[in-house]
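Report on the structure given below.
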Ligand SMILES: Nc1ncnc2c1ncn2[C@@H]1O[C@H](COP(=O)(O)OP(=O)(O)OP(=O)(O)O)[C@@H](O)[C@H]1O
Ligand SMILES: Nc1ncnc2c1ncn2[C@@H]1O[C@H](COP(=O)(O)OP(=O)(O)OP(=O)(O)O)[C@@H](O)[C@H]1O
Ligand SMILES: O=C([O-])O
Ligand SMILES: [Mg+2]
Ligand SMILES: [Mg+2]
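Protein chains in written order, with this note's numbering: chain A, 5 to 264; chain B, 5 to 264; chain C, 412 to 657; chain D, 412 to 657; chain E, 22 to 332.
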């Protein structure tokens with residue numbers, strides 16, 4: 005496991021390190037002031053010394069991400085299934101789904117606050133809105149692409165609508181589901197940060213806003229790095245889950261084309 | 005064509021009309037003040053009378069959307085192809101791609117403006133950032149799912165890497181590409197609106213911000229309705245393009261299962 | 412007693428007339444083979460019986476009731492194996508039972524063994540050869556509980572010995588359970604060896620060209636294949652089909 | 412002159428030993444058939460010759476050069492038709508030429524016609540019957556320019572008449588162009604009727620059990636099938652294979 | 022106006038960033054543009070709404086030449102080495118304060134106790150509340166502070182928030198227009214140190230050092246603009262409405278009417294800033310742990326570009 009991580013990880017690590025080096029040297033070469041763009045070493049230093057000051061923000065955001073992503077992807081899956089199984093629903097509510105992706109947060113914010121107050125709920129709603137869409141679209145398209153021959157067999161063999169779905173369409177759409185989950189996992193982190201604009205007193209988004217309003221660019225960058233790290237971690241987790249779930253495919257690809 | 009549009013369109017239209025009716029009646033029933041949530045009739049009225057005042061904003065945003073979406077989806081496609089064809093690149097730059105999705109606009113905005121000024125460029129960059137990701141992820145997953153048997157045949161028959169790609173993997177991934185394009189088309193509209201926060205003097209996002217800051221909630225909703233209508237239109241366009249492109253599948257599905 | 416009755420079925424895909432006033436029946440517990448040129452409409456007919464494809468006219472009667480457009484009344488081996496790629500062989504074999512019956516792992520494992528696929532229970536379809544997949548698909552339909560089995564060229568990818576072995580096994584099972592079988596094959600010998608009756612279809616648009624009652628005693632032994640009566644009977648069918656195709 | 416040489420090829424998938432020290436060759440312009448039980452490793456061998464699968468040991472020599480792991484040297488009819496679902500029949504047939512040669516629409520259309528698929532040029536694969544798809548896949552490989560053709564059970568889904576017709580056509584083409592052919596079939600009659608030489612493989616792990624030089628004159632006529640020598644020769648091969656499998 | 026094309030080509034291009042959306046704080050700039058004051062000075066000024074970009078960094082980095090900022094911001098920014106300088110106070114006295122719907126009965130800082138304050142989560146807010154509540158021996162611990170993020174005043178008080186921090190000249194006027202009367206508690210009524218300059222016109226140290234001539238002529242025109250707005254509130258409002266037609270005209274007019282007399286207020290000249298005000302506020306911030314280091318107040322602002330002042 006550790007070994008596999010290393011094998012997969014050294015290349016991106018290398019690229020990141022290279023990126024940091026370029027960044028560091030250009031900051032010192034072009035004499036960019038820290039308030040505009042701090043250097044990586046400065047950021048890391050602040051990140052380490054300030055850790056006790058912001059760690060609780062990180063945990064708060066992680067909680068929000070997890071809850072929001074679970075609810076958001078759950079919603080996406082349920083919506084996709086419902087729309088797939090009930091064609092009338094699909095045709096009728098497609099516009100509403102697109103609509104949901106186009107209500108700007110500045111407009112939604114006051115309404116959400118008036119309706120749901122300043123607690124967790126409006127934040128979860130924002131993350132859900134951000135997360136469910138890529139999953140729903142990808143999953144719906146996955147359902148639609150179910151293999152013709154397999155469908156034919158299942159129907160001939162008397163599969164009920166439900167069996168057809170659970171035994172054929174659902175497993176067949178799993179790769180598409182994971183494709184959507186990967187997009188959403190990444191967005192859920194951003195969604196959590198944005199949702200913290202809806203009034204939060206904790207969380208990395210809150211920390212970042214404060215840092216930004218007091219011109220602590222170095223702290224802003226600490227926040228960004230944490231956000232990016234969280235997304236990466238989350239993405240990798242989904243990737244790993246995909247590998248665990250869709251074993252029949254990944255194991256097969258090695259076997260059938262083992263010539264270079 | 006008109007007929008087909010009607011056949012597809014009456015259900016969503018019905019749902020939208022129902023939604024408007026519910027909205028209208030609840031606004032008047034619960035006596036919701038117009039500054040919090042105006043009624044549809046109010047919005048439509050303002051939308052019609054103010055049209056000369058904001059039409060140029062709409063055109064400006066449409067331009068931005070089109071240019072941004074083209075560049076953004078182009079980037080997504082190129083990135084996916086490059087990462088697919090060059091495995092080293094894929095492994096090395098995945099984190100950078102996720103990173104690109106997690107730089108909050110409030111942080112990016114000043115940097116973009118500092119680097120690129122107040123023109124078109126930083127706006128296009130924002131839309132591109134928003135658009136390319138779903139396309140790249142969906143397309144990459146599409147490439148990976150290429151049919152095993154077909155791959156085997158093509159390789160046996162001596163297809164070069166390029167032929168394998170253009171004659172097999174690319175057409176095979178087209179449904180996935182369209183799945184990504186649909187997600188991105190929707191986001192590109194939102195991306196354009198957000199990008200107008202980067203210092204604009206035209207555009208529907210600009211119009212909405214002004215309306216919001218002078219507490220003209222009715223105009224804010226006019227803006228939202230325009231944004232949603234644009235997204236819908238754009239989504240339908242992609243859907244139609246998909247139908248035109250992937251004829252072999254859609255035409256087939258009717259034929260192979262013509263029992264109810 | 413009549414189990415299945417095909418009544419005046421016609422079907423065309425667009426301009427392409429495939430089935431033209433097709434009429435025949437299968438009795439309870441009967442083994443009937445269909446012979447017909449490639450592209451004549453055999454698989455289409457199976458699709459109609461299975462309720463997947465609606466005919467343009469005519470009706471399909473099972474046990475006295477119309478099953479036109481109704482699914483789930485038959486057990487089916489499709490022409491291409493159609494295994495679910497994410498299921499192991501064992502779980503693929505159990506699929507038919509999952510859909511319309513009760514799972515019987517023991518019996519499934521026995522059958523996998525009998526078909527020469529021992530040690531492949533936990534393999535995935537892409538790890539099997541063409542003939543092995545076909546056998547898996549065959550077992551799946553034999554395990555399904557329906558009393559009418561449709562087999563669409565189930566042994567076409569097998570070598571002669573495996574094929575003969577599978578034929579014998581099929582006959583054994585059929586004699587024990589007395590389910591009705593409708594069998595599509597391109598192999599005249601196989602049709603005659605297995606069936607009570609052989610139905611010859613004309614080229615497209617297909618209608619019934621001729622029916623042959625197979626006169627040989629059961630149980631049938633391999634020796635029959637070399638007997639003169641058998642060869643003579645085969646030849647008769649061959650001539651009939653050749654006549655139609657030229 | 413030796414065209415293709417299989418030298419000591421061994422291959423296993425994990426624990427599963429499939430090919431064991433396989434050795435044989437195909438001469439320039441020779442027609443060689445491979446007969447072997449289902450699952451013995453014939454398709455795997457084709458994969459190795461085509462450069463798709465690397466053997467654990469041994470080498471593949473084409474025209475004196477090793478083509479182990481090298482692709483594009485052969486023209487191929489896979490066991491499953493493997494047509495691109497988004498291409499029409501005509502464009503599927505042209506695919507082989509697109510990959511390694513020059514497109515010849517005229518010839519492609521002629522061949523589609525000759526295979527009994529006239530009026531299907533612009534259909535999509537899912538609109539074709541099983542046997543029709545197989546013929547399309549066959550035409551595709553015959554149109555490809557390579558001088559060695561690998562055919563993996565190309566006629567298994569065809570009725571006897573269409574099959575005989577395709578066989579004759581294949582022989583005609585082969586006699587005109589003198590490309591080398593390696594042909595996998597489960598039909599002993601077909602193997603003997605078509606080939607210069609028949610190679611019998613043992614059950615898994617496969618090695619060459621025996622080679623038969625086919626003694627019949629060319630061009631071969633359908634009458635040959637009914638001759639005593641032919642039946643005798645068939646029987647010999649049959650016995651040899653039966654022996655190995657029991 | 023009336024310059025022909027040739028002359029306008031020689032105009033110096035200037036970029037001016039607002040703080041957020043255009044409003045009556047910015048009227049003088051729009052007037053100067055509309056009335057040709059900038060052009061007379063040889064300037065071609067582009068007014069930019071920065072959106073999320075935030076004006077201060079843009080000004081400090083030279084991406085924009087001038088812009089709108091605040092004393093609070095500049096104080097914190099300068100302590101973080103951001104080289105930005107205030108060159109004119111747009112409004113002499115702080116017009117912000119804590120507003121609440123009249124029916125909440127919040128008329129003095131004492132009434133804050135037991136109520137819910139809706140803010141944006143900055144430590145500054147608690148300090149300010151604490152400062153003015155101390156005057157009446159009230160305890161800030163008794164106030165529940167919630168972060169309402171992007172929600173506006175009207176939406177926030179519709180829910181469970183009791184009071185929030187607003188600029189009377191815009192949000193307060195809007196409340197008047199809506200006929201929803203509010204109680205207003207101005208910061209200046211309870212603490213002198215909190216009578217800071219908000220908003221101000223700012224530029225970068227670099228501009229002052231290297232392009233003082235441009236700064237001077239810019240300020241000449243801007244001063245004329247604000248003077249016009251002081252003298253002719255209605256005309257000035259019309260100019261703003263014409264320049265930004267998407268604003269609500271009614272609100273602009275009422276706001277302009279309220280604000281025009283307050284630009285200069287009791288000062289001897291529009292725009293003037295006093296060292297004491299800068300020192301007081303920075304001190305106050307330092308006392309409340311809101312600043313990491315003391316501010317060098319003399320460098321944070323200058324009056325030298327106001328017309329009539331000796332340069
Ligand atoms: N979905 C479809 N759309 C259009 N035409 C179809 C479709 N399915 C089958 N056909 C046509 O119907 C005819 C009969 O096809 P069918 O598959 O029933 O033949 P078959 O007798 O099973 O042949 P084979 O022995 O080759 O499998 C063919 O001409 C085929 O092109
Ligand atoms: N990708 C793979 N992974 C694991 N095992 C495989 C794979 N491909 C083939 N095999 C195994 O190799 C053996 C030979 O398979 P192959 O397809 O070559 O047989 P074949 O001779 O072509 O049989 P058939 O006549 O049934 O087509 C089988 O036991 C099969 O399970
Ligand atoms: O709303 C934003 O995407 O920042
Ligand atoms: Mg068929
Ligand atoms: Mg094989």
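Even glycine gets a Cβ: it sits at the ideal position worked out from N, Cα and C.
* To do: Starting from the Cα of residue 69(A), find the closest Cα among 240(A), 211(A), 194(A) and 116(A) and give me that residue.
  => For the residues 240(A), 211(A), 194(A) and 116(A), the minimum Cα distance to residue 69(A) belongs to 194(A).
* Asked: From the beta carbon of residue 105(E), is the nearest beta carbon of chain B less than 8 angstroms away?
  -> Residue 105(E) is outside the set of residues whose beta carbon lies under 8 angstroms from a beta carbon in chain B.
* To do: State buried or exposed for residue 479(D), treating a residue as buried only when at least 16 other CB atoms are found within 10 Å of its CB.
  => Buried is the call here.
* Buried versus exposed, by CB contacts within 10 Å (16 or more), residue 29(A) -> With fewer than 16 other Cβ atoms within 10 Å, it is exposed.
* Asked: Would you say the beta carbon of residue 541(C) comes nearer than 7 angstroms to a heavy atom of ligand 5?
  -> Remark: the shortest separation between the CB of residue 541(C) and any heavy atom of ligand 5 falls under 7 angstroms.
* I think residue 128(B) touches residue 80(B), with their Cβ atoms under 8 angstroms apart; what is that distance to the nearest whole Å? -> No, residue 128(B) and residue 80(B) are not in contact; Cβ-Cβ is about 14 angstroms, not under 8 angstroms.
* Tell me which same chain residues have a C-beta within less than 8 angstroms of the C-beta of residue 160(E), skipping the five on either side of it? -> Leaving aside the five residues that flank residue 160(E) on each side, the residues in its chain whose CB is nearer than 8 angstroms to its CB run, in chain order, 134 and 154.
* **Same chain only: Cβ atoms within 7 angstroms of residue 24(E), ignoring 5 sequence neighbours per side** => With a pLDDT of 43 at residue 24(E), under the threshold of 50, the predicted position of this residue should be treated as unreliable, and no value is reported.
* Kindly indicate which three-state DSSP category residue 597(D) falls into: helix, strand or coil? => Of the three classes helix, strand and coil, the one that applies to residue 597(D) here is coil, per DSSP.
* **Residue from 133(B), 121(B), 85(B) and 243(B) with nearest C-alpha to residue 177(B)** => The option with the nearest alpha carbon to residue 177(B) is 85(B).
* If you measure from the CB of residue 566(D), is any heavy atom of ligand 2 nearer than 7 angstroms? -> No, ligand 2 has no heavy atom inside 7 angstroms of this Cβ.
* For residue 325(E), name the three-state secondary structure that DSSP assigns. => Look at residue 325(E) here: in three-state DSSP terms it is coil, with no helix or strand label.
* Start and end residues, alpha helix (DSSP H) containing residue 63(B) -> The continuous alpha helix (DSSP H) containing residue 63(B) extends over residues 55-89.
* To do: Would you list the one or two residues that DSSP bridges to residue 110(E)?
  => Residue pairing from DSSP places residue 110(E) in a beta bridge opposite 221(E).
* residue 158(A) versus residue 637(D): straight-line alpha-carbon distance, rounded -> Their Cα atoms are separated by approximately 44 angstroms.
* Between residue 563(D) and ligand 5, is the CB less than 7 angstroms from at least one heavy atom? -> The answer is yes for residue 563(D).
* Asked: Quick one: Cα of residue 115(A) to Cα of residue 71(B), how far?
  -> Spanning the alpha carbons of residue 115(A) and residue 71(B) requires a straight line of approximately 32 angstroms.
* Could you tell me whether any non-hydrogen atom of ligand 1 is closer than 7 angstroms to the CB of residue 656(C)? => No, the beta carbon of residue 656(C) sits no closer than 7 angstroms to any heavy atom of ligand 1.
* What residues from chain B crowd round residue 186(A), counting only those whose CB sits closer than 7 angstroms? -> By Cβ distance, chain B contributes 141.
* Hey, could you find the ends of the beta strand (DSSP E) residue 438(C) is sitting in? => Unbroken beta strand (DSSP E) run through residue 438(C): 427-438.
* To do: Provide the residue(s) that pair with residue 413(D) in DSSP beta bridges, ordered along the chain.
  => 438(D), per the DSSP bridge assignment.
* Less than 7 angstroms between the CB of residue 589(C) and some heavy atom of ligand 5, yes or no? -> Residue 589(C) Cβ: outside cutoff for every heavy atom of ligand 5.
* To do: Below 8 angstroms CB to CB, which residues in the same chain sit around residue 46(B) once its five sequence neighbours on both sides are set aside?
  => Excluding sequence positions up to five before and after residue 46(B), its CB lies within less than 8 angstroms of the CB of 38 and 222, all in the same chain and listed in chain order.
* Beta carbon proximity, residue 265(E) to chain B, threshold 8 angstroms -> Yes, residue 265(E) lies at the interface with chain B (some Cβ there is under 8 angstroms from its Cβ).
* Asked: Just reading off the alpha helix (DSSP H) that residue 491(D) is part of, what are its end residues?
  -> Residue 491(D) -> no alpha helix (DSSP H), and no H or E assigned at all.
* Leaving aside the five residues before and after residue 512(C) along the sequence, list all residues of the same chain whose C-beta is less than 7 angstroms from its C-beta, in chain order. => Correct list, in chain order: 555 and 556.
* To do: Anything in chain D within Cβ reach of residue 568(C), meaning under 8 angstroms, just list it in chain order.
  => Simply 449, 490, 564, 567 and 597.
* Can you give me the start and stop residues for the beta strand (DSSP E) that residue 559(D) sits inside? => DSSP places residue 559(D) in the uninterrupted beta strand (DSSP E) bounded by 559-563.
* For residue 243(A), does the three-state DSSP call read helix, strand or coil? -> Taken through DSSP and simplified to helix, strand or coil, residue 243(A) comes out as helix.
* Could you give the C-beta distance for residue 217(A) and residue 102(B), rounded to a whole number, given that I count them as a contact under 8 angstroms? -> Rounded, the Cβ-Cβ distance is 27 angstroms, inconsistent with contact.
* To do: Could you pull out every residue in the same chain whose Cβ sits closer than 8 angstroms to the Cβ of residue 191(A), ignoring the five residues on either side in sequence?
  => Closer than 8 angstroms at Cβ, skipping near neighbours: 134, 135 and 138.
* Asked: Is it the case that the CB of residue 490(C) approaches a heavy atom of ligand 4 more closely than 7 angstroms?
  -> Residue 490(C): yes, Cβ under 7 angstroms from ligand 4.
* Closest residue to residue 415(D) among 583(D), 421(D) and 434(D) (Cα-Cα distance) -> For the residues 583(D), 421(D) and 434(D), the minimum Cα distance to residue 415(D) belongs to 434(D).
* Contact list for residue 165(B) against chain A, beta-carbon separation under 7 angstroms -> Ordered by position in chain A, no residue passes the 7 angstroms Cβ test against residue 165(B), which lies about 12 angstroms from the chain.
* Asked: Count the other CB atoms within 10 Å of the CB of residue 239(A); is the residue buried (16 or more) or exposed (fewer)?
  -> Buried.
* **Check: residue 451(D) C-beta below 7 angstroms from any heavy atom of ligand 2** => Yes, the beta carbon of residue 451(D) sits closer than 7 angstroms to at least one heavy atom of ligand 2.
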